[in-house]
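Single-structure report; data block below.
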Amino acid sequence: SWNVAGLRALLKNRPDALSNLVTEHDLDVLCLQETKLQEMHLDDPKLKIRGHLLESEGYDAYYSCSVARKGYAGTAVFCKRHGTETKQKTMNDFFKSSKTKTTKTAAASSKPLPIDVKYLIPDQVTFKIGKEEHDTEGRVITVDFPLFSMTNVYVPNSGQKLDRLTYRTEQWDKDFLQFMHKKHESKPVFWAGDLNVAHTAMEVWNDGAKHLPKQAGVTPQERASFQQQLDSGFVDAFRRLHPDAKGCYSYWSQRAGNREPNKGLRLDYFLCSPELFDSTQQVVVRDSYILYDVVGSDHCPVVMELEIKKPS
(Lines of atoms letter the chains of each structure in order from A and count residues from 1; the text may use other names and numbers.)
(Lines give C-alpha, C1' and ligand atoms only; values in the text may rest on other atoms or scores of the structure.)
Protein backbone atom coordinates (compact mmCIF):
# COMPACT_ATOMS: atom_id res chain seq x y z
CA SER A 1 0.00 0.00 0.00
CA TRP A 2 1.43 3.37 -1.02
CA ASN A 3 0.28 6.99 -1.04
CA VAL A 4 1.99 8.12 -4.25
CA ALA A 5 1.07 11.83 -3.92
CA GLY A 6 0.06 11.97 -7.60
CA LEU A 7 0.46 9.02 -9.94
CA ARG A 8 1.22 11.14 -13.01
CA ALA A 9 4.07 12.89 -11.21
CA LEU A 10 5.46 9.60 -9.93
CA LEU A 11 5.46 8.00 -13.39
CA LYS A 12 7.03 11.11 -14.91
CA ASN A 13 9.83 11.39 -12.37
CA ARG A 14 10.33 7.68 -11.68
CA PRO A 15 8.74 5.75 -14.55
CA ASP A 16 9.87 2.36 -13.24
CA ALA A 17 8.88 2.92 -9.61
CA LEU A 18 5.79 0.74 -9.60
CA SER A 19 7.26 -1.94 -11.83
CA ASN A 20 10.30 -2.19 -9.60
CA LEU A 21 8.13 -2.33 -6.50
CA VAL A 22 5.89 -5.20 -7.62
CA THR A 23 8.79 -7.12 -9.15
CA GLU A 24 11.21 -6.81 -6.26
CA HIS A 25 8.62 -7.70 -3.63
CA ASP A 26 6.52 -10.12 -5.74
CA LEU A 27 3.29 -8.37 -4.79
CA ASP A 28 -0.05 -10.05 -5.39
CA VAL A 29 -1.95 -6.82 -4.70
CA LEU A 30 -0.83 -3.19 -4.78
CA CYS A 31 -3.02 -0.43 -3.34
CA LEU A 32 -2.34 3.21 -4.21
CA GLN A 33 -3.78 6.34 -2.63
CA GLU A 34 -3.83 10.00 -3.66
CA THR A 35 -3.48 9.14 -7.34
CA LYS A 36 -4.98 12.55 -8.30
CA LEU A 37 -6.26 11.11 -11.58
CA GLN A 38 -9.24 12.03 -13.70
CA GLU A 39 -10.96 9.53 -15.96
CA MET A 40 -9.51 11.27 -19.03
CA HIS A 41 -5.97 10.68 -17.76
CA LEU A 42 -6.36 6.92 -17.89
CA ASP A 43 -6.46 6.73 -21.69
CA ASP A 44 -4.13 9.63 -22.47
CA PRO A 45 -1.50 8.05 -24.79
CA LYS A 46 1.19 10.40 -23.49
CA LEU A 47 0.65 9.47 -19.87
CA LYS A 48 0.38 5.71 -20.40
CA ILE A 49 -1.51 5.26 -17.14
CA ARG A 50 -3.83 2.48 -18.19
CA GLY A 51 -1.76 -0.60 -18.86
CA HIS A 52 1.33 0.64 -17.06
CA LEU A 53 1.55 -2.51 -14.96
CA LEU A 54 -0.61 -4.82 -17.02
CA GLU A 55 1.51 -5.26 -20.10
CA SER A 56 4.81 -6.33 -18.59
CA GLU A 57 3.98 -7.49 -15.06
CA GLY A 58 0.50 -8.93 -15.60
CA TYR A 59 -1.78 -7.03 -13.21
CA ASP A 60 -5.47 -6.20 -13.44
CA ALA A 61 -6.15 -2.54 -12.68
CA TYR A 62 -9.04 -0.85 -10.88
CA TYR A 63 -9.25 2.95 -10.56
CA SER A 64 -11.50 5.25 -8.57
CA CYS A 65 -11.24 8.94 -9.49
CA SER A 66 -12.68 11.95 -7.72
CA VAL A 67 -15.67 13.49 -9.48
CA ALA A 68 -16.10 16.16 -6.80
CA ARG A 69 -12.78 17.89 -7.47
CA LYS A 70 -10.34 17.50 -10.35
CA GLY A 71 -6.84 16.24 -9.65
CA TYR A 72 -7.75 15.32 -6.08
CA ALA A 73 -7.65 12.21 -3.88
CA GLY A 74 -8.28 9.01 -5.87
CA THR A 75 -7.28 5.38 -5.38
CA ALA A 76 -6.13 2.44 -7.48
CA VAL A 77 -5.74 -1.29 -6.95
CA PHE A 78 -3.57 -3.63 -9.01
CA CYS A 79 -4.17 -7.38 -8.64
CA LYS A 80 -1.77 -9.90 -10.12
CA ARG A 81 -3.53 -11.87 -12.82
CA HIS A 82 -3.84 -15.53 -11.84
CA GLY A 83 -5.41 -17.26 -14.82
CA THR A 84 -7.97 -14.50 -15.42
CA GLU A 85 -8.78 -12.34 -18.38
CA THR A 86 -7.46 -8.78 -18.34
CA LYS A 87 -9.50 -6.35 -16.25
CA GLN A 88 -9.20 -2.58 -16.24
CA LYS A 89 -12.13 -1.07 -14.43
CA THR A 90 -12.85 2.42 -13.17
CA MET A 91 -15.56 4.02 -11.10
CA ASN A 92 -17.06 5.27 -14.36
CA ASP A 93 -17.35 1.67 -15.56
CA PHE A 94 -18.82 0.83 -12.19
CA PHE A 95 -21.70 3.27 -12.53
CA LYS A 96 -22.39 1.95 -16.05
CA SER A 97 -22.40 -1.68 -14.92
CA SER A 98 -25.25 -3.93 -13.89
CA LYS A 99 -27.74 -3.30 -11.13
CA THR A 100 -25.51 -5.20 -8.73
CA LYS A 101 -23.02 -2.32 -9.00
CA THR A 102 -20.07 -4.69 -9.07
CA THR A 103 -17.46 -5.86 -11.52
CA LYS A 104 -16.95 -9.59 -11.61
CA THR A 105 -13.96 -11.60 -12.69
CA ALA A 106 -13.84 -15.23 -13.76
CA ALA A 107 -11.09 -17.71 -14.42
CA ALA A 108 -10.29 -17.98 -18.10
CA SER A 109 -7.98 -20.97 -17.86
CA SER A 110 -9.41 -24.47 -18.12
CA LYS A 111 -6.56 -25.89 -16.05
CA PRO A 112 -7.06 -26.25 -12.29
CA LEU A 113 -5.28 -23.46 -10.47
CA PRO A 114 -2.96 -24.08 -7.51
CA ILE A 115 -4.85 -23.95 -4.25
CA ASP A 116 -3.37 -20.68 -2.99
CA VAL A 117 -3.60 -18.93 -6.36
CA LYS A 118 -7.27 -19.81 -6.73
CA TYR A 119 -8.05 -17.77 -3.64
CA LEU A 120 -6.34 -14.68 -5.12
CA ILE A 121 -8.80 -14.27 -7.99
CA PRO A 122 -11.26 -11.47 -7.09
CA ASP A 123 -14.95 -12.33 -6.95
CA GLN A 124 -16.01 -8.70 -7.24
CA VAL A 125 -14.75 -5.13 -7.00
CA THR A 126 -16.77 -2.18 -5.73
CA PHE A 127 -16.07 1.54 -5.45
CA LYS A 128 -18.44 2.89 -2.78
CA ILE A 129 -19.32 2.55 0.89
CA GLY A 130 -22.97 3.34 0.21
CA LYS A 131 -23.10 6.91 1.51
CA GLU A 132 -23.45 9.51 -1.24
CA GLU A 133 -21.69 12.21 0.76
CA HIS A 134 -18.54 10.06 0.92
CA ASP A 135 -18.55 8.43 -2.50
CA THR A 136 -17.57 11.26 -4.85
CA GLU A 137 -13.85 11.65 -4.07
CA GLY A 138 -12.60 8.25 -5.23
CA ARG A 139 -11.42 7.24 -1.77
CA VAL A 140 -12.42 3.57 -1.62
CA ILE A 141 -11.95 0.41 -3.67
CA THR A 142 -13.06 -2.90 -2.15
CA VAL A 143 -11.88 -6.20 -3.59
CA ASP A 144 -13.70 -9.31 -2.44
CA PHE A 145 -11.58 -12.44 -2.66
CA PRO A 146 -13.02 -15.90 -1.92
CA LEU A 147 -11.64 -16.09 1.63
CA PHE A 148 -11.34 -12.45 2.67
CA SER A 149 -12.25 -8.91 1.69
CA MET A 150 -9.75 -6.06 1.23
CA THR A 151 -10.54 -2.35 1.11
CA ASN A 152 -8.08 0.23 -0.18
CA VAL A 153 -8.88 3.58 1.45
CA TYR A 154 -7.57 7.13 1.43
CA VAL A 155 -9.02 8.71 4.55
CA PRO A 156 -9.84 12.44 4.26
CA ASN A 157 -7.21 14.79 5.64
CA SER A 158 -8.65 17.19 8.20
CA GLY A 159 -6.85 20.11 6.54
CA GLN A 160 -4.26 22.64 7.69
CA LYS A 161 -6.98 24.70 9.37
CA LEU A 162 -8.84 21.55 10.51
CA ASP A 163 -11.82 22.63 8.42
CA ARG A 164 -12.72 18.97 7.71
CA LEU A 165 -12.00 17.64 11.18
CA THR A 166 -15.64 17.32 12.21
CA TYR A 167 -16.60 15.74 8.89
CA ARG A 168 -13.71 13.30 9.10
CA THR A 169 -14.20 12.15 12.70
CA GLU A 170 -17.96 12.47 13.13
CA GLN A 171 -19.12 11.35 9.69
CA TRP A 172 -16.48 9.65 7.56
CA ASP A 173 -14.82 7.56 10.28
CA LYS A 174 -18.13 6.40 11.71
CA ASP A 175 -19.71 5.54 8.37
CA PHE A 176 -16.60 3.81 7.07
CA LEU A 177 -16.31 1.73 10.24
CA GLN A 178 -19.95 0.73 9.86
CA PHE A 179 -19.19 -0.30 6.27
CA MET A 180 -16.27 -2.47 7.37
CA HIS A 181 -18.31 -4.15 10.09
CA LYS A 182 -20.95 -4.94 7.47
CA LYS A 183 -18.30 -6.50 5.23
CA HIS A 184 -17.02 -8.47 8.20
CA GLU A 185 -20.36 -10.23 8.60
CA SER A 186 -19.53 -12.58 5.73
CA LYS A 187 -15.73 -13.08 5.85
CA PRO A 188 -12.47 -11.78 7.37
CA VAL A 189 -11.61 -8.25 6.29
CA PHE A 190 -8.84 -5.72 6.34
CA TRP A 191 -8.38 -2.22 5.08
CA ALA A 192 -5.15 -0.75 3.81
CA GLY A 193 -4.10 2.78 3.05
CA ASP A 194 -3.27 6.26 4.20
CA LEU A 195 -5.47 6.62 7.27
CA ASN A 196 -4.19 10.14 7.99
CA VAL A 197 -3.63 9.65 11.70
CA ALA A 198 -0.60 9.03 13.90
CA HIS A 199 -2.38 7.01 16.53
CA THR A 200 -0.02 7.11 19.51
CA ALA A 201 3.17 8.75 20.72
CA MET A 202 5.17 6.00 19.00
CA GLU A 203 3.81 7.02 15.61
CA VAL A 204 5.20 10.57 15.52
CA TRP A 205 8.78 11.74 15.92
CA ASN A 206 8.03 14.78 18.10
CA ASP A 207 5.07 13.66 20.17
CA GLY A 208 4.45 16.14 22.96
CA ALA A 209 5.22 19.20 20.84
CA LYS A 210 2.80 21.98 21.76
CA HIS A 211 1.45 22.46 18.23
CA LEU A 212 0.53 18.81 17.63
CA PRO A 213 -3.00 18.86 19.11
CA LYS A 214 -3.90 21.36 16.38
CA GLN A 215 -2.10 19.54 13.55
CA ALA A 216 -4.09 17.36 11.15
CA GLY A 217 -3.46 13.69 11.81
CA VAL A 218 -2.41 14.18 15.42
CA THR A 219 -5.44 15.89 16.96
CA PRO A 220 -7.03 14.27 20.03
CA GLN A 221 -10.24 13.84 18.03
CA GLU A 222 -8.54 11.88 15.23
CA ARG A 223 -6.58 9.73 17.63
CA ALA A 224 -9.70 8.99 19.66
CA SER A 225 -11.64 8.12 16.53
CA PHE A 226 -8.91 5.69 15.46
CA GLN A 227 -8.95 4.15 18.92
CA GLN A 228 -12.69 3.56 18.53
CA GLN A 229 -11.95 1.51 15.42
CA LEU A 230 -9.54 -0.62 17.42
CA ASP A 231 -11.95 -0.87 20.34
CA SER A 232 -14.62 -2.16 17.97
CA GLY A 233 -12.44 -5.20 17.30
CA PHE A 234 -10.06 -4.35 14.47
CA VAL A 235 -6.29 -4.77 14.81
CA ASP A 236 -3.37 -2.59 13.68
CA ALA A 237 -1.27 -5.27 11.98
CA PHE A 238 2.08 -3.53 12.33
CA ARG A 239 1.69 -2.80 16.04
CA ARG A 240 0.30 -6.27 16.75
CA LEU A 241 3.44 -7.80 15.27
CA HIS A 242 5.96 -5.12 16.29
CA PRO A 243 4.61 -3.59 19.51
CA ASP A 244 7.88 -2.03 20.65
CA ALA A 245 9.33 -0.86 17.33
CA LYS A 246 10.37 2.80 17.42
CA GLY A 247 11.12 5.29 14.66
CA CYS A 248 8.89 3.39 12.25
CA TYR A 249 7.32 6.07 10.10
CA SER A 250 5.72 6.11 6.64
CA TYR A 251 5.42 9.86 6.00
CA TRP A 252 7.90 12.74 6.18
CA SER A 253 7.41 16.41 5.34
CA GLN A 254 9.30 17.13 2.13
CA ARG A 255 9.07 20.86 2.69
CA ALA A 256 10.92 20.53 5.99
CA GLY A 257 13.40 17.97 4.62
CA ASN A 258 12.42 15.53 7.33
CA ARG A 259 13.02 12.22 5.57
CA GLU A 260 16.79 11.97 5.95
CA PRO A 261 16.74 12.60 9.73
CA ASN A 262 13.64 10.33 10.00
CA LYS A 263 11.41 12.99 11.54
CA GLY A 264 8.19 11.37 10.44
CA LEU A 265 4.77 9.99 11.26
CA ARG A 266 3.20 6.59 10.69
CA LEU A 267 0.04 7.39 8.75
CA ASP A 268 -0.25 4.23 6.64
CA TYR A 269 -1.78 1.09 8.09
CA PHE A 270 -3.39 -2.30 7.66
CA LEU A 271 -6.35 -2.71 10.02
CA CYS A 272 -7.55 -6.31 10.22
CA SER A 273 -10.38 -8.31 11.70
CA PRO A 274 -9.00 -10.31 14.63
CA GLU A 275 -9.39 -13.79 13.14
CA LEU A 276 -6.64 -12.94 10.64
CA PHE A 277 -4.23 -13.37 13.57
CA ASP A 278 -5.62 -16.76 14.57
CA SER A 279 -3.08 -19.34 13.42
CA THR A 280 -5.78 -22.02 13.17
CA GLN A 281 -7.58 -20.12 10.39
CA GLN A 282 -7.04 -20.62 6.67
CA VAL A 283 -5.92 -17.00 6.10
CA VAL A 284 -3.37 -15.62 8.57
CA VAL A 285 -1.33 -12.41 8.75
CA ARG A 286 2.34 -13.35 8.92
CA ASP A 287 4.12 -10.00 8.85
CA SER A 288 3.75 -6.27 8.26
CA TYR A 289 6.60 -3.87 7.57
CA ILE A 290 7.62 -0.55 6.03
CA LEU A 291 9.68 -0.06 2.87
CA TYR A 292 11.69 2.97 3.99
CA ASP A 293 14.03 2.92 1.01
CA VAL A 294 11.33 3.29 -1.67
CA VAL A 295 11.20 6.95 -2.72
CA GLY A 296 9.07 9.00 -5.09
CA SER A 297 6.49 10.39 -2.66
CA ASP A 298 6.32 11.99 0.77
CA HIS A 299 5.05 8.58 1.91
CA CYS A 300 6.77 5.22 1.52
CA PRO A 301 5.00 1.89 0.91
CA VAL A 302 3.86 -0.42 3.69
CA VAL A 303 3.45 -4.17 3.28
CA MET A 304 1.38 -6.93 4.87
CA GLU A 305 2.01 -10.60 4.18
CA LEU A 306 -0.87 -13.09 4.29
CA GLU A 307 -0.53 -16.86 4.36
CA ILE A 308 -3.32 -18.79 2.64
CA LYS A 309 -3.31 -22.41 3.76
CA LYS A 310 -4.68 -25.48 2.08
CA PRO A 311 -8.08 -26.34 3.56
CA SER A 312 -7.90 -29.02 6.23
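Residues in the sequence shown are numbered consecutively from 1, following full-length UniProt numbering. The beta carbon of each residue, even a glycine, is placed where N, CA and C say it ideally should be.
Quick one: grab the DSSP three-state call for residue i.
i                : result
valine 29        : strand
lysine 309       : coil
aspartate 298    : coil
glutamate 42     : Note that residue 42 corresponds to leucine in the displayed sequence, not to glutamate. Residue state, collapsed to three classes: helix.
leucine 47       : coil
lysine 80        : strand
alanine 106      : Summary for alanine 106: the model assigns pLDDT 37, below 50, so the residue's position carries little reliability, and this model does not support an answer.
serine 66        : coil
valine 4         : coil
leucine 276      : helix
aspartate 236    : strand
threonine 142    : strand
phenylalanine 95 : Any reading at phenylalanine 95 must be qualified, since the residue scores a pLDDT of 43, below 50, and its modelled position is unreliable; the value itself is stated next. Helix at phenylalanine 95.
threonine 75     : strand
threonine 100    : Low per-residue confidence applies at threonine 100: pLDDT is 36, beneath 50, and the placement is therefore not dependable, though the value from the model is reported in the following sentence. The answer is coil: DSSP assigns threonine 100 none of H, G, I, E or B.
threonine 126    : strand
At which residues does the beta strand (DSSP E) containing residue i begin and terminate?
i              : result
methionine 150 : 149-154
valine 284     : 283-290
Quick check on the DSSP output: the alpha helix (DSSP H) that includes residue i runs from which residue to which?
i                 : result
alanine 224       : 220-231
phenylalanine 116 : This sequence places aspartate at residue 116; phenylalanine is not what is there. Counting along the chain, the alpha helix (DSSP H) containing aspartate 116 begins and ends at 115-118.
Say the cut is 7 angstroms; is the CB of residue i nearer than that to a heavy atom of the ligand HEM?
i            : result
glutamine 38 : Inclusion of the ligand HEM in the displayed structure is not the case, the ligand content being empty and no account of it being possible.
By alpha-carbon positions, which one of the options ends up nearest to residue i?
i              : options                       : result
histidine 299  : Pro15, Val77, Asp60, Glu260   : Glu260
alanine 245    : Val204, Asp60, Val22          : Val204
glutamine 254  : Gly247, Cys248, Gly264        : Gly264
proline 146    : Gln282, Leu165, Leu291        : Gln282
asparagine 262 : Ser273, Pro274, Tyr249        : Tyr249
lysine 131     : Asp173, Ser149, Phe148, His82 : Asp173
proline 15     : Ser279, Gln38, Lys46          : Lys46
Taking three-plus beta-carbon pairs below 8 angstroms as touching, is the segment 62-72 in contact with the segment 179-191? no
Inter-stretch contact (C-beta, 8 angstroms, three-pair minimum) for the segment 259-270 and the segment 194-205: yes
Identify every run of the alpha helix (DSSP H) within the segment 154-217, keeping only runs that are complete inside it and at least 4 residues long; order them along the chain. 173-184
Taking 8 angstroms as the cut-off, does the segment 288-298 touch the segment 7-19 (at least 3 CB pairs, one atom from each stretch)? yes
Segments of 4+ residues assigned as alpha helix (DSSP H) that fall wholly inside the segment 234-271: 237-241
Given 8 angstroms, three or more beta-carbon pairs between the segment 150-165 and the segment 228-235: no
Quick one: any contact between the segment 170-183 and the segment 57-68, if contact means 3 or more CB pairs under 8 angstroms? no
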